[in-house]
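Numbered as in our numbering, the sequence shown ends at 454 without a single skipped number.
Just so it is clear, CB atoms sit at the ideal spot from N, CA and C, and this is done for glycine as well.
Here the structure is a predicted model, which is why all the values come from computation and not from measurement.
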Amino acid sequence: SHLLCEIPISFVQAALGETLTIPVLGNPEGHELKIPAGTQPGDVLTLRELGMPDPERRNARGDLFIKVNVNIPKKLTNRQKEILEEFADSLDLKKHKKEKKFWEKS
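Printed below as a string of structure tokens:
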């Protein structure tokens, strides 16, 4: 009686979080799903009792599991690249590149 669906979101939505309306059984208007900030690719969110009716339990439904697929753009404008490079600089990613790799000897 549980259901699994996959939804695509942008990496911006994954990083910042967002509330989306997703289709659910028996509700043509859909149901609000809160995507938490920092959601990772492959994360699974759960909407309790929004799955299929459970034939073994009266008036009960299974859960709806939503697997998040984070879409990374294949092409960026020059401005988008600049913004992402500024963001990368703010994370000080160059520092991490200098750290020894796991297999390297100290």
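- Leaving aside the five residues that flank threonine 387 on each side, the residues in its chain whose CB is nearer than 6 Å to its CB run, in chain order, Ala362, Val416.
- Residue environment for leucine 412: buried (at least 16 other C-beta atoms within 10 angstroms of its C-beta).
- Under the DSSP assignment, serine 438 falls in the alpha helix (DSSP H) whose first and last residues are 426–439.
- Glycine 399 sits buried, since 16 or more C-beta atoms from the chains shown fall within 10 Å of its C-beta.
- Leucine 364: member of the alpha helix (DSSP H) spanning 359–364, first to last residue.
- The Cβ-Cβ distance between leucine 368 and leucine 381 falls below 8 Å.
- Taking every protein chain shown into account, the CB of arginine 405 has fewer than 16 other CB atoms within 10 angstroms, so this residue is exposed.
- For asparagine 375, the closest C-alpha among the options Glu397, Glu354, Ala385 is that of Glu397.
- When DSSP reads this structure, arginine 409 sits in a beta bridge with Pro401.
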